[in-house]
Amino acid sequence: MINALVAYKGKPARIVKQTMHKFALEFADGSSRSVREKDFRFIHPEFVQVDDACAHADIAVLEDFQEETLTLEEITQWLFDEYSAKNAWCSRILIEDGLYLFWQKDKVFIRPTAQVESIQTKRDAQILEAENLKHCVDNLSNNTFDKQDLSYIEEIEKVALNQSKHAKILANIGIENTPESAHKLLLRLDYFKPSFNPYPARHDISKDEQIDVSMVQVERVDLTHLSSYAIDNADSNDADDAISIDGDKIWIHVADVSLIATAGSELDTYAQERVSNLYLPEQIIHMLPVSATKMCALGLAETSSALSIGFTLESGEIDNIEVVHSLIKVTNISYDDADGMLVSNEHLSKLQGITKTHKQYRDNCGAISLNLPNVDVRFKQGQVSITPQSSSQSRELVAEMMVMAGRVVAQFSVDNDIVMPYAIQDEGKFPQGALDNKDALSLSESFKATKFFKRSTTSTKNLPHFGLGLKAYLRITSPLRRYLDLLAHQQLSHFIKGEDTLNKEDVKNIIGIHNVNMSSVGRTVRFSNDHYKCVYLLDNPSWQGEGVVVDTRGDKVLFMIPELGMMTQIKFKILPKLDEKIALKVTTVDLVDCRANFKTI
């Protein structure tokens, strides 16, 4: 084999020497290497200098040898008519390419035509893919794209919406495969408009579905003689609670949702996965199908089915509790209308007096609430509006009635040993000054007091809710909108019908599932609101307004901006006083990070 042409790692070499176990190879650059026979492939017994420039091979001849195995010498003679060193080297190149031929040990296998066509099709697709990729990379480098790029843009979109972890095109243009980086790029390309909200998709929030629903029929107590009022926003059409009074008996009526989403049903599972209504600036995503709202919402028909909670209240103590499936007549009124009726309407006037007494009772029991400014963010007809949440006598009336309902049902459940998802809150370690002055705290004092609040949690234990000043409490008045309210309704409904209720372990498991799903809901709502606040500032780049100093941290001052419901931090050489109001203007807005910076005017 001395002076033979061989291939070593794809390079031509000449055998210059042979020992018992190894061969000395010499390469075109003059270098040499001692290797074993299995490490190289024999090409031709006569060495000549070769390269990859080859004469045209007669590929058509291979059709006569499909799925046959030939030697390198035989295949070279058929392809080039002569078995020379140069021709043999060219045969090796064709074999290594693998389209028509491939090595089977020291022999050459000829592929069948169908296999060749399949490989060629795949290679053509790879070439086209490489061309398309380069086309898209070039476009993105110039912050543009066209129809040819859409498949790559859609891959980027999936990353931006957290539906995929990787888009090949991002790596090719040096952009990190994160939702934030992908979102920023799509904004730059104008593929995403600033008003597009990515957070529902990013947190895997299920969309509304159209599902037909039906209600289980039960015997109902006729309470249509009561004047029952559902008080809500003027544009609301899904009231799920109403209030009335009959002599000394207070009634709170709640949409009877548990009889369409019965425990363990498909609709119950549907609601459990969605956890809650999401009230986003641009849309409402419902926990239950819209058909459920139309069937259960109070006041949409002449009479409404309800779960009614009756009780008396004397010196702050609850008595004579009654929970029934009922039939009621509901009058829907707005908060503004209700404010005008509080003096003239006997029932509402009486209920207002009761709620003031109950609120005082809770205050005496240590209730503490912080009235920090909040805003409503809405996106309609291409415009963002931010409006401060208003307070009124009727809103306070309704809010206190709902607290009473939660207190009453908690007491009823404890008395009757019904396992419930109680809302509990440990006692916070508030400074005595804050407790002594809790109804007149300044904005900075209220902000500071938030640090002492313990997080409200859900438990099957009927422990106190210190923030509300109640020994036991659970949320009961929004079963169309909150899953744990629906769970409480299911438990009540089973109990008053004489059926088995869920045990403690079952309710614990449901609470665990709820808490996991609720975290996505909370993040979606928070980020969506922050997103549209930033959109508002982008639309109003000259915004100026008032910031209130609520804290200082070294040379940095923390401002609350009530008009926007935002916080900002600004450096000062001379620190302003707490609660001082200072004029601010927006400087920069980062839509992807949902953050804005401000400076003093």
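Be aware that the sequence shown starts at 1, since it is given in UniProt numbering, and climbs by one per residue. Positions of the beta carbon are idealized from the N, C-alpha and C atoms, including for glycine.
Residue i vs residue j beta-carbon contact at 9 Å
| i | j | result |
| --- | --- | --- |
| LYS577 | VAL549 | yes |
| GLY545 | ILE570 | no |
| SER228 | ILE250 | no |
| PRO388 | GLU176 | no |
| GLU282 | PHE379 | yes |
| PHE466 | GLU427 | yes |
| LEU226 | ASP204 | no |
| PRO464 | GLN425 | yes |
| ILE601 | LEU575 | no |
| LEU298 | VAL343 | no |
| ASP593 | GLU180 | yes |
| ILE476 | GLN411 | no |
| GLU74 | PHE109 | no |
| ARG481 | SER276 | yes |
| ALA234 | ASP336 | yes |
| SER195 | VAL586 | no |
| LEU161 | ARG202 | yes |
| ASN87 | GLU46 | no |
| TRP89 | ILE43 | yes |
| ALA53 | LEU94 | no |
| THR69 | GLN104 | yes |
| ASP190 | GLN383 | no |
| PHE559 | PHE598 | yes |
| LEU348 | LEU397 | yes |
DSSP bridge partner residues for residue i (one or two, in chain order)
| i | result |
| --- | --- |
| HIS489 | Answer is none; HIS489 lacks a bridge partner. |
| SER103 | This sequence places Trp at residue 103; Ser is not what is there. According to DSSP, TRP103 bridges with VAL108. |
| TYR279 | ILE284 |
| residue 622 | Outside the modelled stretch of the chain, which goes from 1 to 601, sits residue 622, for which no answer is possible. |
| MET560 | VAL548 and MET567 |
| SER305 | LEU327 |
| HIS465 | GLN425 and LEU470 |
| ASP222 | LEU327 |
| LEU598 | Reading the sequence as shown, one finds Phe at residue 598 and not Leu. Answer by DSSP bridge pairing, in chain order: VAL586. |
| PHE42 | VAL6 |
| THR457 | ILE424 |
| LEU69 | Strictly speaking, residue 69 in this sequence is Thr, with Leu absent from that position. In the DSSP output, where bridge partners are listed per residue, THR69 has PHE109. |
| ASN332 | ALA230 |
| LYS581 | VAL548 |
| ARG553 | LYS556 |
Cβ-Cβ separation, residue j to residue i (assumed contact under 8 Å), whole Å
| i | j | result |
| --- | --- | --- |
| LEU79 | VAL61 | 7 Å |
| ILE418 | THR312 | The Cβ separation is near 21 Å, so there is no contact. |
| GLN491 | MET420 | 6 Å |
| GLY366 | TYR473 | Between TYR473 and GLY366 the Cβ distance is about 13 Å, and since that is not below 8 Å, they are no contact. |
| ALA239 | ASN332 | 6 Å |
| THR568 | GLY547 | 7 Å |
| VAL221 | LYS497 | 13 Å between Cβ atoms; not a contact. |
| LEU5 | VAL35 | With 8 Å as the limit, LEU5 and VAL35 do not qualify as a contact, their Cβ atoms being about 15 Å apart. |
Residue i: first and last residue of the uninterrupted beta strand (DSSP E) it sits in
| i | result |
| --- | --- |
| ARG33 | 32-35 |
| TYR422 | 422-424 |
| GLY174 | Premise fails: GLY174 is in no beta strand (DSSP E) and is neither H nor E. |
| VAL159 | First-last for VAL159: 150-160, but that is the alpha helix (DSSP H), not the beta strand (DSSP E). |
| SER326 | 317-328 |
| LEU300 | Where LEU300 is concerned, there is no enclosing beta strand (DSSP E), given that its DSSP letter is neither H nor E. |
| GLU117 | Segment 113-141 is the alpha helix (DSSP H) holding GLU117; no beta strand (DSSP E) there. |
| ASP376 | 375-380 |
| ARG14 | 11-18 |
| TYR229 | 228-232 |
| VAL384 | 383-388 |
Extent of the continuous alpha helix (DSSP H) to which residue i belongs
| i | result |
| --- | --- |
| GLY340 | 335-341 |
| PRO200 | 199-202 |
| ASP539 | 504-539 |
| SER27 | Note on identity: in this sequence residue 27 is Phe, with Ser being the wrong assignment. Run containing PHE27: none in the alpha helix (DSSP H); it sits in the beta strand (DSSP E), 23-27. |
| ARG395 | 393-415 |
| THR76 | 72-80 |
| ASN364 | 346-364 |
| VAL290 | 290-296 |
| THR501 | Premise fails: THR501 is in no alpha helix (DSSP H) and is neither H nor E. |
| PHE447 | 443-449 |
Beta carbon proximity, residue i to chain C, threshold 9 Å
| i | result |
| --- | --- |
| ILE43 | As a matter of chain content, chain C is missing from the structure shown, which is built from one protein chain. |
Does the pairing of the stretch 354-373 with the stretch 322-333 give three or more beta-carbon distances under 8 Å?
no
Are at least three pairs of beta-carbons, each pair with one atom in the stretch 305-313 and one in the stretch 252-260, less than 8 Å apart?
yes
Between the stretch 180-191 and the stretch 144-163, do three or more beta carbon pairs fall short of 8 Å?
yes
Is the stretch 263-273 in contact with the stretch 510-528, if contact means three or more CB pairs nearer than 8 Å?
yes
Check whether the stretch 19-31 and the stretch 74-92 are in contact - that is, three or more C-beta pairs closer than 8 Å.
no
Quick one: any contact between the stretch 449-463 and the stretch 343-356, if contact means 3 or more CB pairs under 8 Å?
no
Could you tell me whether the stretch 290-297 touches the stretch 194-212, where touching means 3 or more Cβ pairs closer than 8 Å?
yes
Between the stretch 107-125 and the stretch 90-99, do three or more beta carbon pairs fall short of 8 Å?
yes
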